[in-house]
Amino acid sequence: MNEAGPVGDGELEGLFAAFRGKSLALAVSGGADSIALMVLIARWLKAAGNSQSPPVVLTVDHGLRPEAGAEARAVGMLAANLGLLHKVLPWRGTKPKSGLQQAARTARYRLLAEELERRVRRGEDKRILVLAHTL
């Protein structure tokens with residue numbers, strides 16, 4: 103039986119080596135999977151002495167629950183503690199009465215893509231969007 107232990111620096115390098123020198127954007131919802139991704143990438147950058155620009159952390163606030171704004175701000179505080187930039191992307195407008203999950207997913211990816219496009223138009227490096235998902 104294999105026992106999982108803490109992820110070592112060598113394992114982080116193996117996981118994230120393809121991102122070396124790249125401009126990253128992390129989609130972080132506040133769930134365990136995306137928080138783990140953010141923490142591990144921050145740890146990898148620090149351990150590797152990586153001098154690339156820090157990733158920007160993007161959190162979509164769907165506005166579907168009263169606590170969503172506070173959760174997005176909590177992601178921002180954690181990102182700041184890790185030395186990462188953070189931006190909240192609000193989903194504005196009328197929400198559908200049916201098919202809400204699919205509409206929220208579509209809105210989330212649209213908002214993330216639009217933010218990356220804005221950054222490219224402003225002359226920032228083209229960013230690679232990194233997402234986490236619980237299997």
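Its first residue numbered 103, the sequence shown is counted upward by one per residue in our numbering.
All C-beta atoms, glycine included, are put in the ideal place defined by N, C-alpha and C.
All figures in this text were calculated on a predicted structure; none of them were measured in a lab.
Per-residue burial, Thr236 [other beta carbons within 10 Å of its own, 16 or more giving buried]: exposed
Through-space distance from Glu169 to His188, alpha-carbon basis: 18 Å
The alpha helix (DSSP H) enclosing Thr208, as first and last residue numbers: Element bounds for Thr208: 202 to 223.
Arg212 vs Ala127 beta-carbon contact at 8 Å: no
For Ala234, three-class secondary structure by DSSP: coil
Straight-line Cα distance separating Arg224 from Met140: Rounded to the nearest whole angstrom, the C-alpha separation of Met140 and Arg224 is 24 Å.
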